[in-house]
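Chains L and S are the protein sequences, given in the same order.
Using the numbering used here, the letters of the first sequence map in sequence onto residues 134 to 363.
Using the numbering used here, the letters of the second sequence map in sequence onto residues 387 to 1230.
Structure, as C-alpha cells:
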Amino acid sequence: MITLRDVSKTVDSGGRPLTILHPLHLTVPDGQFLAIVGPSGSGKTTLLGLMAGLDAPTTGVIEVGGTDITALDEDRLAVLRGARIGFVFQFFHLVPSLTALENVLVPMELVGRRDARARAVALLAEVGLGDRGHHYPSQLSGGEQQRVAIARALANDPPLILADEPTGNLDGANGRHILDLLLSVRSARQVTLVLVTHDHDIAALADARLTMRDGRPVPELTTAAVGAGQ
Amino acid sequence: MRFVLVMAAREMRASWRRLVFFFLCIALGVGAIVTLRSVIQSVRQVFAGEARGLIGADLLVSSSRPIDGDLAARLEARLRTAGAEMTRTAETATMARAASSASAPARMVELKAVGPRFPYYGRLVLQGGATYTHDLVAGFGALVRPELLAQLGIAVGDRIAVGGRDFTVRGVIEAEPGRRLGAFSLGPRVIVDIADLEQTSLVAFGSRVTHQRLVKTPEAGLVALATALREDAKNSFVRVRSYSDTEGDLGEDFARAENYLSLVGLVVVILGGVGVSSVTRVFVQQKLKSIAILKCLGARAAQVLAIYMAQVLVLGALGSVVGVLIAAGVMAWIPQWLGPAVTAGLDVNYQLTPSAVAQGAGTGLLVSMLFSLVPLLDVRHVKPSRLLRDETAKGGRDWVWWTAAVGVGGSVLALTMWQAGSVRIGGIVAIGFVVVAAVLYLAGVALIASVRPLSAAGWFPLRHAALQLTRPGGQVHLVLLTVGLGTFFILGVRALQQNLVSEVSVDLASDAPDMFLLDIQSDQLTGVLSTLASRRPAGAPAPRTLPVMRARVVGVQGKNLTLDDYEDVRGRGSLAREYTVTYRSHLEANERIVEGVAWDGPSASGEVSIEESLRDRFGIRIGDAIRFDVLGRIVTATVASVRHVDWSDGRAGGFMFVFRPGLLDTAPHGHIAFVRGPEAGADRARLLSDLAGGYPNVSVIDGREMLSALKTVVDNVTLAVTVVGTLVVVSGLMILVGAVAMTKFRRVYEAAILKTLGATRRVIATMLLLEYGVLGVLAGVLGAAGAAALTWALSRFAFDMAYRPIPALWMIGIATTGVVVSVVGVAASWDVLQRKPLATLRAE
Chain L
134 MITLRDVSKT VDSGGRPLTI LHPLHLTVPD GQFLAIVGPS GSGKTTLLGL MAGLDAPTTG
194 VIEVGGTDIT ALDEDRLAVL RGARIGFVFQ FFHLVPSLTA LENVLVPMEL VGRRDARARA
254 VALLAEVGLG DRGHHYPSQL SGGEQQRVAI ARALANDPPL ILADEPTGNL DGANGRHILD
314 LLLSVRSARQ VTLVLVTHDH DIAALADARL TMRDGRPVPE LTTAAVGAGQ
Chain S
387 MRFVLVMAAR EMRASWRRLV FFFLCIALGV GAIVTLRSVI QSVRQVFAGE ARGLIGADLL
447 VSSSRPIDGD LAARLEARLR TAGAEMTRTA ETATMARAAS SASAPARMVE LKAVGPRFPY
507 YGRLVLQGGA TYTHDLVAGF GALVRPELLA QLGIAVGDRI AVGGRDFTVR GVIEAEPGRR
567 LGAFSLGPRV IVDIADLEQT SLVAFGSRVT HQRLVKTPEA GLVALATALR EDAKNSFVRV
627 RSYSDTEGDL GEDFARAENY LSLVGLVVVI LGGVGVSSVT RVFVQQKLKS IAILKCLGAR
687 AAQVLAIYMA QVLVLGALGS VVGVLIAAGV MAWIPQWLGP AVTAGLDVNY QLTPSAVAQG
747 AGTGLLVSML FSLVPLLDVR HVKPSRLLRD ETAKGGRDWV WWTAAVGVGG SVLALTMWQA
807 GSVRIGGIVA IGFVVVAAVL YLAGVALIAS VRPLSAAGWF PLRHAALQLT RPGGQVHLVL
867 LTVGLGTFFI LGVRALQQNL VSEVSVDLAS DAPDMFLLDI QSDQLTGVLS TLASRRPAGA
927 PAPRTLPVMR ARVVGVQGKN LTLDDYEDVR GRGSLAREYT VTYRSHLEAN ERIVEGVAWD
987 GPSASGEVSI EESLRDRFGI RIGDAIRFDV LGRIVTATVA SVRHVDWSDG RAGGFMFVFR
1047 PGLLDTAPHG HIAFVRGPEA GADRARLLSD LAGGYPNVSV IDGREMLSAL KTVVDNVTLA
1107 VTVVGTLVVV SGLMILVGAV AMTKFRRVYE AAILKTLGAT RRVIATMLLL EYGVLGVLAG
1167 VLGAAGAAAL TWALSRFAFD MAYRPIPALW MIGIATTGVV VSVVGVAASW DVLQRKPLAT
1227 LRAE
C-alpha cells in the first residue's frame, strides 16, 4: 500500500517559488491499477516521481509498504527502489553503453542475486526479446527498448510498478503492445501499478483514476482515494 | 563489489576510446620515469661493484707536489706496518707530436705515468685483445687513445715526442680504469712508465703534475690506515681517498642524477594527470543520464563513484603498463643507439630495474587516481529525478570536495618530493610547476580573450572558428597550456644555445686571443715570444704574457674569519684549492675595484686584492691577513681591495688573488701567454709544433678547440632538453586529440546543422583549420614569449652576457606549432567532415 499525507512540491522557478503539486492525500491499496491523467504540467509526473523517491516532497509524508520514504537518505532510497519499485519511463532510459541483457541484469546484480543471468534471459523472453539480449539500445526500436525497460522493472519482482507515459513515445500499434504487456504482467504477478498517461482510453482500463490539473486533483474526474491536504 | 567491477568492465567497452589519449600521456611520463631510472640504475650497478677499479687501488694518496722527504718516509712506514703495498703514478697535461719530423703538428694530451704494479684493480683494456703488462710501457713505450693516432697521423710502432723525449707507441687504449664517462678532458690519454717520465723535462720545480700513490691493503686495515694517513698528511697538500669514499660520492651523484631526471618524467605524468582531470569532468557530464538511471535502479552514490573510479584505475594501470613497455623498448635500443664509444670498457647491462618499474607504474597509477578523484566526486550530486525532467546538477563544493581537493594537492606534493628524493627540491619543483602553470594559464586566458573580436568577423569560417575557441567548457586552455609549455622548453633551450654559442664566437671573431700558453718557465720566455713573433699573423696584436705562480691559502687572520692552519682551510671547501695567482700594479680592462683602494707602485709589505666572491662566500674582509703557500714558501699578505671581474671577457684572464708587486717578484714563477694565433689550420699546426718542439713543457690550450668542445656539450644539453620539450608537446597534442574526441558528438551535430543550412564541407574544413591553426599559433606565441623571457633572464642574471633576441627562431616556432596543431586537430576531427548530416540529425 502507498500512502501520501499532505504531500506537496514547490520548486524554484527563476527565483520565485512555484508550487507544482498542492498538498494532497492519496492511498493506493495493494494490487490496484491506478491511472494518473491530466494535461502536461498538471503535476502528474511529479507525483509519480515522489512515490518512487526520485525526488523529495516539500511537505508531507509518503509511505510505501509501511516505510516512510521521506525519512530516508539518497542511498537508502536507492536500495529501496532497487528491491521494491520497478520504474518505466516515457524515454525508456536504458544505459546506452550496456546491452539489453545487461540493462536487465543491473537491478539484480545490485542486490546480489545469484540467478541473475538466467532470470534476465527469462524476463527478456517474457517480453518477447529472447533473441535480442546482446543488442545495444541504439540497435533496438523504441518499442523494443520499452520492452527491455519493462523487463528491467520486473527484475527484482517488485510489488510496485510505476510507469510514466510508457506509450507516450511510441506509435499506436507499438503503444498498444506495451500496454498489453504491462497489463498482463500486472495480472500475472498481482503487483500494484501506477501509470501516468494523458490517454483517457488507457485510463479507462484502470481500477481507479486520478485526474490532475494545475497541481491539484479534479474530484469529479477522480475515483481514487484522494483528498486535499491542509 | 562484484557489481562495481562488472559494471566498470562493461562501461569500459565504450569509454576506453574516449579516454585512451589521456592515458597515453600517463604512459609517456611513466615511460620516461622508468627509462631514466633504469638507465641510471644499470650504469650504477656497474660502478657499484667496481669502485676499487675506478681508482685502481684501495687507497689513493695524491698531491700537486712531489710526495717526498719526511712525509714519504712516514707513509712508507705506515704501509709496512699495515702490510700494504704501493705503486706510484703521476698525471699531467702536456703536448705530444709525432717524433718523425720537427714540424709535425702537436696536440695537447693527458699524460699518465704508471709504476710497475699499476693497476691493482680494474683492467686496462687494449685494442685487439692485447693484455696490458708494465713491459708494454717500460723503456720509453707509450699506450695511446685511438683519437690521438688519428690526430697525429701515426700508427702503432711510430714514435711520439713528449716532454723532449721520444716514446714508441706500443698499443691502443680501449678503456682505462677510473676514467670517468663524459668527464671534461684536455686531450686524449697517453700512458707511459713513471721511470721514463722522470727523464723528461716535464717534472720540474713548479710544474703542473699530480703525484699519486696507489695503495693496496687488506680490507680489515683499510679504515685505520686511511685515518692514520690522513693524520700524517695534516697540513700538507696531500689528499687521501679510499675506494669507499669514491663509492659513497658516486652513489650520491647517481642518486641525485636519477632523482632530478625522473622529475622530467613526473612533469609529463602530471601534465597527463591534468588532462585526465579535465577529461573526467567532461566524461561525467556525458554520463549524467547513465548515472541517474543506475541510481534509479538502486545503486548507491558510493557504488557509482566506485564504478567510474575503477575505470580510471584500469586505464591508469594500462597506461602504466604501456609506459613500462615503451621503457623496455627504449632500453633494448640503448646499446645500439649510444654506440661503443660511450660504453667502451663499461660492461653495462641495460635492463629495466624492478625499483624503476615500481616507481614509474606507481606514479602513473597514483596520478591517474588523484587527478580524476575530484571531478568524479560530482557523481554524488546527480539526482535520479533528472530522468523525469531536465535539470542541471549542482556541483556542490561541500566538505567532502574540499577534503578531497586538499588531500589530492598534498598527495601530488608528496609524490613530487618522493620522486625528487628531497623534500626541499620536491617542494621547489612543485611550487615552480604551479607558478609556471598558473602564469601560462592566465596568459592563455588573456590570449583567448584577445581573439574574441574575431567572432564578429565578416568571414563565416573565421567567425565560427573564433566562436569555437572562445566558448566555455572546451579543453582550449589545457591544450594551450601543454603545447605552450612544450614549445617553451624547445624554443627556450634553442635560444639559450644560440645565445651562448654566439657569445663565445663573438669573442673569437674579434682580435681576441684564441690560444693560451701555460707553464712557460722564466728562462724560456724570450724564446717563446720570438717563436710566437715569427708565426704571428699580420695585423694580430702582440702576445701578452703574465707572471703566474700557484699558491694555496694556508691561513686567514681576519675580522670574521680565522683559519689557523691548512686543515682549517680544508674545512672551507674550495678555498683550499690551488689558485693561480699573479702580481701587477694596474687593473685590467675587465676588472674594477668595488671595495678598498688600488695600490700605486711596488711595495714589499705584502698586499693582495681578492675577487668579490671570496668576500661573499668566505667572509674575507679588507685588512684581513691571508697566509699563502707559494711553491713551498709561506708569505703573508693583507687584503687591500676587493675586485669585480667580468669573467665572460677572457681577454686578460681573471684571477681570484692579485698581489701587489714587490712581494713575489723574486719567487720562482712561470708565465702564461695570451696569443692571437694564425687563422689557417696549417699555420696553426706549425706554430703548435714549433712550440712543442722547442718548449716541450709548455702546454698550449687552443681556444678554438675548446669552443668546439663547448659547442658539443651545449649541443648535447640542447638535445636532452629538446627531447623533454617534444615529450611535453606530444602530451599536449594527445590532450588535443582527446579533447576533440570528447566533444566530437557535439561537433558532428553542429556540423550537421550547418551542412543542412548550406555550409559546404570546404567551409567546415576551413573553419576547423582556422580554429586549430589559431590555437596552435597562440600556443606558439605563449611558448616563444616564455622562451624569450627565460633567455633574457638567464643571459642577464645567470650568464652575465648580452641578450640577443632571435626573432627568426620565434617565428619558426610559432609557425611550426600552428601547422602541427591544425593538422592534428583537423585529422582528429575527420568524422565531423565525413558524416552525412541526415544520419546524424535522425539519430538525435
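For glycine and all other residues, C-beta sits at the position ideal for the given N, C-alpha and C.
Predicted, not measured: the structure shown is a model, and the values here were computed from it.
In summary, no residue of the region 692–706 of chain S has a CB separated from any CB of chain L by less than 8 Å. Per the coordinates, the alpha-carbon of D905(S) lies some 34 Å from the alpha-carbon of Q513(S). The distance from the Cβ of V743(S) to that of A678(S) is about 41 Å, inconsistent with a contact at the 8 Å cut-off. Put simply, the region 702–710 of chain S does not touch the region 263–271 of chain L. Fewer than three CB pairs are less than 8 Å apart. Taking all protein chains shown into account, H267(L) has fewer than 16 neighbouring C-beta atoms within 10 Å of its C-beta and is therefore exposed. Separation of N1083(S) and A547(S) (C-alpha to C-alpha, rounded to the nearest whole angstrom) is 11 Å.
Residues of chain L whose Cβ lies closer than 7 Å to the Cβ of K1222(S) do not exist, since the nearest Cβ in that chain is about 17 Å away. Excluding the 5 residues flanking it on each side, A614(S) has same chain C-beta neighbours closer than 6 Å at R464, in chain order.
Spatial neighbours of V665(S) in its own chain (CB-CB distance under 7 Å, excluding positions within 5 residues in sequence) are listed in chain order as L405, F408, G1124, M1128. Between L243(L) and chain S, the shortest Cβ-Cβ separation is below 7 Å. With contacts defined as CB atoms closer than 7 Å, W1178(S) and Y1189(S) qualify as a contacting pair.
Identification of residues in the region 668–688 of chain S having a C-beta nearer than 9 Å to some C-beta of chain L yields K673, K675, S676, A678, I679, L680, K681, C682, L683, G684, A685, R686, A687, A688, given in sequence order. Close CB contacts of A990(S) within its chain, under the 8 Å cut and outside five residues either way in sequence, are with G1048, L1049 (chain order). In the assembly as shown, V825(S) is an exposed residue. Its beta-carbon has fewer than 16 other beta-carbons within 10 Å. Here H267(L) is not bridged, per DSSP, to any residue. Interface flag for L405(S) against chain L is unset, since no Cβ pair is found closer than 7 Å. A residue is called buried once 16 or more other Cβ atoms fall within 10 Å of its Cβ, and L828(S), having fewer, is exposed. By the rule that beta-carbons nearer than 7 Å mark a contact, R838(S) does not touch chain L. Nearest C-alpha to V942(S) among S995(S), F1014(S), S888(S), P929(S): F1014(S).
The criterion of a C-beta distance shorter than 7 Å is satisfied by L522(S) and R556(S). Around A400(S), the beta-carbon contacts reaching into chain L at under 7 Å are S230. Proximity of F389(S) to chain L, defined by a Cβ-Cβ separation below 7 Å, is satisfied. For the region 168–186 of chain L, the beta-carbon criterion of a distance under 7 Å to any beta-carbon of chain S is satisfied by T178, G182. Here the region 641–655 of chain S makes no contact with the region 171–184 of chain L; the two share fewer than three CB pairs at distances below 8 Å. Pairwise C-beta distances place the region 1094–1112 of chain S out of contact with the region 955–972 of chain S, as fewer than three of them are shorter than 8 Å. Between the region 180–191 of chain L and the region 307–323 of chain L, the count of Cβ pairs shorter than 8 Å is below three; the stretches do not touch. When rounded, the separation of the alpha-carbon atoms in G469(S) and Q427(S) is 36 Å. Taking 7 Å as the cut-off between beta carbons, none of the residues of the region 252–277 of chain L comes near chain S.
Secondary structure within the region 183–232 of chain L: the alpha helix (DSSP H) runs of 4 or more consecutive residues, fully enclosed, are 207–217 (chain order). Apart from the 5 residues on each side of it in sequence, G164(L) sits with its Cβ closer than 7 Å to the Cβ of Q323, T325 in its chain, given in chain order. Annotation note: the region 513–559 of chain S contains the following uninterrupted beta strand (DSSP E) runs of length 3 or greater, listed N- to C-terminal: 527–530, 545–548. Counting only Cβ-Cβ distances below 9 Å, R396(S) has contacts in chain L at V228, S230, L231, T232, E235, in chain order. Under DSSP, V595(S) takes part in a beta bridge, and its partners are T478(S).
Within the region 982–1013 of chain S, the complete alpha helix (DSSP H) segments of 4 residues or longer fall at 998–1004, listed in chain order. In the three-state DSSP reduction, V237(L) falls in the helix class (H, G or I). Taken atom to atom, the span from the alpha-carbon of R627(S) to that of G573(S) is near 25 Å.
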